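**Q** All residue numbers for the sequence shown refer to this note's numbering, where the first residue is 777 and numbers rise by one.
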Amino acid sequence: MLAATPIARTDLAWWRQRHEAKLGELAQSKPKLIFLGDSITQDWELSGPPAWRDFAPQWRRFYGDRRAVNLGFKGDTTASLLWRMRNGEVAGIAPKAAVVLIGANNLGRVHWSAEDTVAGIGAILDELHKRLPRTKILLLGVLPSERSAWISETTVRINRMLAARCGDDPSVSYLDLTALFMRNGVLNRDLFLDPRLTPPDPPLHPTAEGQVLMAKAMEPVLAKMLGDQPRS
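1. Find the nearest neighbour of Val845 within the set Ala873, Tyr950, Met958 and Trp859, judged by alpha-carbon distance.
2. Between which two residues does the beta strand (DSSP E) holding Ser949 run?
3. Does DSSP put Arg959 in a helix, in a strand, or in coil?
4. Are there any heavy atoms of the ligand GTP lying less than 7 Å away from the beta-carbon of Asn863, as far as the coordinates show?
5. Buried or exposed for His899, going by 16 or more other Cβ atoms inside 10 Å?
6. Select from Ile783, Ala890, Ala797 and Phe968 the residue whose C-alpha is nearest the C-alpha of Leu756.
7. Give a yes or no on whether the minimum CB-CB distance between Thr983 and chain D is below 8 Å.
8. If you measure between the beta carbons of Ile878 and Ile897, is that distance less than 8 Å?
9. I need the boundaries of the alpha helix (DSSP H) containing Gly898, first residue and last residue.
10. Put Lys1000 into one of helix, strand or coil per three-state DSSP.
11. Which residues in the same chain have their Cβ closer than 7 Å to the Cβ of Arg959, if we skip the five residues on either side of it in sequence?
12. Take Arg941 as the anchor and find which of Glu929, Leu916 and Trp820 has the nearest alpha-carbon.
13. Is it the case that the Cβ atoms of His981 and Asp966 are separated by a distance below 8 Å?
14. So the candidates are Glu891, Gly1003, Ala999 and Glu985; which of them puts its Cα closest to the Cα of Pro731?
15. For a minimum of 4 consecutive residues, which ranges assigned as the alpha helix (DSSP H) are wholly contained in the segment 805-893?
16. Alpha carbon to alpha carbon, what distance is there between Leu919 and Thr954?
17. How is the beta strand (DSSP E) around Leu914 delimited, first residue to last?
18. Could you tell me which of Ala991, Arg936 and Arg923 sits nearest to Pro976, measuring between CA atoms?
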């Protein structure tokens, strides 16, 4: 299935250049912590103003002294993340921990099923086990969004399947952060930047405030993996 098949995006100049730049950053930094994902992860590199898109100071707050490398690429599916991993992004490094957040784009234009997406995420976990056998993995569930009824339903199915899968894998810690983005049973649009854009888009990408909530929720697990003190 395509979701578990490495697919390059090297036809896109920015994507190719970012991949090459990240290979250089990895070689230089020898990271203790890596983040693997899509635009939600890449957004940590954004600086404001306004405050809702001022992510970079918060990245420094939580990860600045942890030799962390951001391997988030806008628009990536599980297939393209898998390609990057097989083409240098997890080679020659030995991080203590890896945070994985991927799958949102599987439900967009390519419209892959929950089963296919979970297979793709499973392939990414298998690749990490193979190439970074001593690295502990923090897998995040696909975040809620407000794109379509099918996407919302499929997101819930994916996260339930991931919880069941990871229950049998002691080297993977799984966190479903959906509850952080809900208020009174519905999506809290205030925690997403997309409705603030011109023109507005449906909620998908957390604001800086939303990602701080994510970071705080991850800290107990991540600090234990890294052997340091939780950040606040």
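For every residue, glycine included, the Cβ atom is placed at its ideal position computed from N, Cα and C.
None of these values were measured; they are calculated from a predicted model.
**A** Taking the coordinates as given:
1. Closest in alpha carbon position to Val845, among Ala873, Tyr950, Met958 and Trp859, is Ala873.
2. Here the beta strand (DSSP E) through Ser949 covers Val948 to Leu951.
3. Three-state DSSP puts Arg959 in a strand.
4. Only the bare structure without any ligand can be found here, which leaves the ligand GTP out of the picture.
5. A small correction: the amino acid at residue 899 is Ala; His does not occupy that position in the sequence shown. With 16 or more other Cβ atoms within 10 Å, it is buried.
6. With the chain represented from 777 up to 1008, any question about residue 756 goes unanswered, as that position is not in the structure.
7. Among the chains in the structure shown there is no chain D, since it carries only a single protein chain.
8. Here Ile878 is near Ile897, since their CB atoms are less than 8 Å apart.
9. That run of the alpha helix (DSSP H) goes Ala890 to Arg907.
10. Lys1000 carries a helical assignment under DSSP once its states are collapsed to helix, strand and coil.
11. Answer for Arg959: no residue qualifies.
12. When each option's Cα is compared against that of Arg941, the closest is Leu916.
13. Contact: no.
14. Absent from the structure is residue 731, since the part of the chain shown begins at 777 and ends at 1008.
15. Runs found: 815-818, 832-839 and 854-860.
16. Near 6 Å, if we compare the C-alpha coordinates of Leu919 and Thr954.
17. Leu914 -> beta strand (DSSP E) spans Lys912 to Leu916.
18. The option with the nearest alpha carbon to Pro976 is Arg923.
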